[in-house]
Amino acid sequence: MATPTFHKWLTHFTDTKKCSTNTLLSPASKGHQSLYFHHYHRPVCQGCCYLSMNGCREGNDQHARARKPVGTIETRTLAAVASPSMAMYSLNMAISDLKSEAPFGTSSGLVRVQVPIEEQVEAIDWLHSQNHLLLPRCFFSGRKHSPNGEENLVSVAGVGSAVFFSQPHPFSYWDWISIRRFLSERCPLVRAYGAIRFNAETKVSSEWLAFGSFYFMIPQVEFNELEGGSVLTITIAWDNDLSWSWENAINALQETLCKVSSSIVNFPKQTPPTLILSSHNIPSKVDWDLAVNRALQMIERNDSLLTKVVLARSTRVVPTSDIDPLAWLSCLKVEGENAYQFLLQPPNAPAFIGNTPEQLFHRKWLHITSEALAGTRARGASQALDRQIQLDLLTSPKDDIEFTIVRDTIRRKLEAVCERVVIKPEKIIRKLPRIQHLFAQLSGRLRTEKDEFEILSSLHPSPAVCGFPTEEAQLLIAETEVFDRGMYAGPVGWFGGGESEFAVGIRSALVEKDRGAFIYAGTGIVEGSSPYLEWDELELKTSQFTKLLKLDLPQRQKVDCK
Numbered sequence: 002m003a004t005p006t007f008h009k010w011l012t013h014f015t016d017t018k019k020c021s022t023n024t025l026l027s028p029a030s031k032g033h034q035s036l037y038f039h040h041y042h043r044p045v046c047q048g049c050c051y052l053s054m055n056g057c058r059e060g061n062d063q064h065a066r067a068r069k070p071v072g073t074i075e076t077r078t079l080a081a082v083a084s085p086s087m088a089m090y091s092l093n094m095a096i097s098d099l100k101s102e103a104p105f106g107t108s109s110g111l112v113r114v115q116v117p118i119e120e121q122v123e124a125i126d127w128l129h130s131q132n133h134l135l136l137p138r139c140f141f142s143g144r145k146h147s148p149n150g151e152e153n154l155v156s157v158a159g160v161g162s163a164v165f166f167s168q169p170h171p172f173s174y175w176d177w178i179s180i181r182r183f184l185s186e187r188c189p190l191v192r193a194y195g196a197i198r199f200n201a202e203t204k205v206s207s208e209w210l211a212f213g214s215f216y217f218m219i220p221q222v223e224f225n226e227l228e229g230g231s232v233l234t235i236t237i238a239w240d241n242d243l244s245w246s247w248e249n250a251i252n253a254l255q256e257t258l259c260k261v262s263s264s265i266v267n268f269p270k271q272t273p274p275t276l277i278l279s280s281h282n283i284p285s286k287v288d289w290d291l292a293v294n295r296a297l298q299m300i301e302r303n304d305s306l307l308t309k310v311v312l313a314r315s316t317r318v319v320p321t322s323d324i325d326p327l328a329w330l331s332c333l334k335v336e337g338e339n340a341y342q343f344l345l346q347p348p349n350a351p352a353f354i355g356n357t358p359e360q361l362f363h364r365k366w367l368h369i370t371s372e373a374l375a376g377t378r379a380r381g382a383s384q385a386l387d388r389q390i391q392l393d394l395l396t397s398p399k400d401d402i403e404f405t406i407v408r409d410t411i412r413r414k415l416e417a418v419c420e421r422v423v424i425k426p427e428k429i430i431r432k433l434p435r436i437q438h439l440f441a442q443l444s445g446r447l448r449t450e451k452d453e454f455e456i457l458s459s460l461h462p463s464p465a466v467c468g469f470p471t472e473e474a475q476l477l478i479a480e481t482e483v484f485d486r487g488m489y490a491g492p493v494g495w496f497g498g499g500e501s502e503f504a505v506g507i508r509s510a511l512v513e514k515d516r517g518a519f520i521y522a523g524t525g526i527v528e529g530s531s532p533y534l535e536w537d538e539l540e541l542k543t544s545q546f547t548k549l550l551k552l553d554l555p556q557r558q559k560v561d562c563k
């Protein structure tokens, strides 16, 4: 039976009335072409179902058309059923009924049909039970924002796209407006999930090509995991101006739905033992030392404004057996308390997965929160050692400089669009299963919801993943790093009608089942940094992935001694 909390969620989010709604440009810095990825080729995937419309428009009429909201946005809730297979039956019957209806008398719109399921099923198990060629697909598991359980959506998984949004140019205000056209405050669970490149001005390497400069999707078929139940959903979106009619949309949905499995397997949260054929760091340890020393020289120069830069590393691992990105993500989720887990995989692309502790921002109506996270230590093997490491982090001058730069920069950016900004707590330790950080939370009230794009474009890139000042740090990163960060360290999350949430895409990897993985990590360089200790920090941050390959790195003791 469904729990009272489940029924409360259903009442809170059900709305069957029609409703309509109303440049994330990084500083230009020409990066070096990466030769490391030159031979990375991928065959076009056979059997993928990704016929859909791109909601972002190109050309001179983009701005005029983007101002026009879609004609209708509607959520229909069917009777609750006992299992996912019964929900599939209800949705197939609903599609038959929809096909006989006129398309609401509008040339554009979005219809969401949802079926509550009394059985509680994990969204990641539902996604794992689907064919891995059913693309695009996404997964997002955020944090709890309401302790009283009114908003008990735990995780979301989706396959196919009712509408996607992607372009090669940097994410702009008009791209944001194009997404907002399909969202409504009165249909809060219609959300566009996706990610944005760290720096859209740098050259795109082949493994990131299918993502574009940004990629967002409103899933065709979506599974919502709740506290005490589940919901299976289909979404139909159409826009005649984009040459995607109601008939196109509903036929494409049927094609996707016939490939969706209603048989859900409870997958083990572990990966099979595997050996590594090759593991290659870019940069190497020698090149890393040179890069960090060069950055320190820049920081120490009297004529330089640079006070911090975040340098990153890409580790390419090729194992003896295939890596299943969802198996990796399931393992990350087990130790992902107080963190975000995500997966984004466009058609003909690897899967971008991550387990990030860092929130970029969360907006609920006009209220907005953000976080400052900096300084890293390993957890201690005992409580006494853990407290000793915590005290070392709290009193470290080098880490305090790095943390203060991050916190104060976020505060200034929020003050530009908020009536008032509060920092509470100002500096504490946030403990994660393998790592601990310095942490502060900032909150404010936006003057208008239209400031959401300004918040996104100003908070990214933050000093926690780029440096300070931003332009000087980005220039040094582009001159130093010889690999493409892609979406690593970029915004990853979702836009909704009255609510949006983005994390920072760190602690992440790009995984393809038969081609291995690129594992990314970065560390902040400030006055007093040591190349040797910063390399140890990279090893610590990537250990959540390398331990899945039976390469749990023996770095804890070294880092504990910092």
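Those letters in the sequence shown? Residues 2 to 563, per my numbering, in order.
All C-beta atoms, glycine included, are put in the ideal place defined by N, C-alpha and C.
Treat the numbers as computed from the prediction; the structure is a model and nothing was measured.
Pairwise C-alpha distance: residue j and residue i
{"i": "S214", "j": "H170", "result": "6 Å"}
{"i": "N23", "j": "S185", "result": "With a pLDDT of 31 at N23, under the threshold of 50, the modelled position of this residue cannot be trusted, and the question is left open."}
{"i": "A417", "j": "C467", "result": "20 Å"}
{"i": "P470", "j": "I402", "result": "14 Å"}
{"i": "K286", "j": "S531", "result": "13 Å"}
{"i": "R412", "j": "A474", "result": "19 Å"}
{"i": "T107", "j": "P70", "result": "11 Å"}
{"i": "D126", "j": "F268", "result": "6 Å"}
{"i": "K204", "j": "S544", "result": "28 Å"}
{"i": "L534", "j": "L386", "result": "19 Å"}
{"i": "F454", "j": "R144", "result": "22 Å"}
{"i": "G337", "j": "Y216", "result": "24 Å"}
{"i": "H363", "j": "I424", "result": "15 Å"}
{"i": "G381", "j": "D537", "result": "15 Å"}
{"i": "R435", "j": "A88", "result": "39 Å"}
{"i": "T481", "j": "V116", "result": "51 Å"}
{"i": "E120", "j": "I369", "result": "34 Å"}
{"i": "I430", "j": "R508", "result": "18 Å"}
{"i": "F172", "j": "V157", "result": "24 Å"}
{"i": "E208", "j": "P351", "result": "7 Å"}
{"i": "L111", "j": "L333", "result": "34 Å"}
{"i": "L443", "j": "F503", "result": "15 Å"}
{"i": "A522", "j": "Q131", "result": "30 Å"}
Endpoints, the beta strand (DSSP E) within which residue i is located
{"i": "W239", "result": "G230 to D240"}
{"i": "Q271", "result": "Element bounds for Q271: n/a, residue is neither H nor E."}
{"i": "N356", "result": "A352 to T357"}
{"i": "W366", "result": "Premise fails: W366 is in no beta strand (DSSP E) and is neither H nor E."}
{"i": "F199", "result": "Premise fails: F199 is in no beta strand (DSSP E) and is neither H nor E."}
{"i": "E480", "result": "From DSSP, E480 is part of no beta strand (DSSP E) but of the alpha helix (DSSP H) over T471 to T481."}
{"i": "I118", "result": "S109 to I118"}
{"i": "T76", "result": "T73 to T78"}
{"i": "I265", "result": "Note, I265: premise wrong, no beta strand (DSSP E); not H, not E."}
{"i": "L210", "result": "Counting along the chain, L210 falls outside any beta strand (DSSP E), and DSSP gives it neither H nor E."}
Residue environment, residue i, which counts as buried when at least 16 other CB atoms sit within 10 Å
{"i": "H281", "result": "exposed"}
{"i": "P274", "result": "exposed"}
{"i": "C419", "result": "buried"}
{"i": "W247", "result": "buried"}
{"i": "L291", "result": "exposed"}
{"i": "P326", "result": "buried"}
{"i": "W289", "result": "buried"}
{"i": "C54", "result": "The sequence given here has Met at residue 54, not Cys. Label assigned to M54: buried."}
{"i": "R486", "result": "buried"}
{"i": "D400", "result": "buried"}
Nearest-angstrom beta carbon gap, residue j and residue i [assumed within contact, 8 Å]
{"i": "V164", "j": "I219", "result": "5 Å"}
{"i": "L541", "j": "T377", "result": "7 Å"}
{"i": "V1", "j": "V222", "result": "In the structure displayed, the chain extends from 2 to 563; residue 1 sits before or after that span and is not available."}
{"i": "V155", "j": "L227", "result": "6 Å"}
{"i": "A373", "j": "R408", "result": "4 Å"}
{"i": "A375", "j": "H438", "result": "7 Å"}
{"i": "F224", "j": "M488", "result": "Going by Cβ atoms, the distance from F224 to M488 rounds to 23 Å, so no, they are not a contact pair."}
Unbroken alpha helix (DSSP H) run spanning residue i, endpoints
{"i": "Q221", "result": "Not the alpha helix (DSSP H): Q221 falls in the beta strand (DSSP E), residues F215 to L227."}
{"i": "F183", "result": "No alpha helix (DSSP H) contains F183, which DSSP labels as neither H nor E."}
{"i": "T449", "result": "Here T449 belongs to no alpha helix (DSSP H), and DSSP marks it neither H nor E."}
{"i": "R516", "result": "Taken as a continuous stretch (DSSP letters only), R516 belongs to no alpha helix (DSSP H), as it is neither H nor E."}
{"i": "I429", "result": "Element bounds for I429: not the alpha helix (DSSP H) but the beta strand (DSSP E), I429 to K432."}
{"i": "V407", "result": "P398 to E416"}
{"i": "R565", "result": "Missing from the structure shown is residue 565; the chain here goes from 2 to 563 and no further."}
{"i": "A328", "result": "P326 to V335"}
beta-carbon residue i near the ligand COA non-hydrogen atom, thresh 6 Å
{"i": "L92", "result": "Summarising the ligand content, the structure contains no ligands, and the ligand COA is consequently not present."}
Between the stretch 192 to 206 and the stretch 489 to 501, do at least 3 Cβ pairs fall closer than 8 Å? yes
Contact the stretch 519 to 527 vs the stretch 381 to 396: 3+ CB pairs below 8 Å: no
Okay, do the stretch 85 to 99 and the stretch 303 to 310 touch, 3+ Cβ pairs below 8 Å being the bar? no
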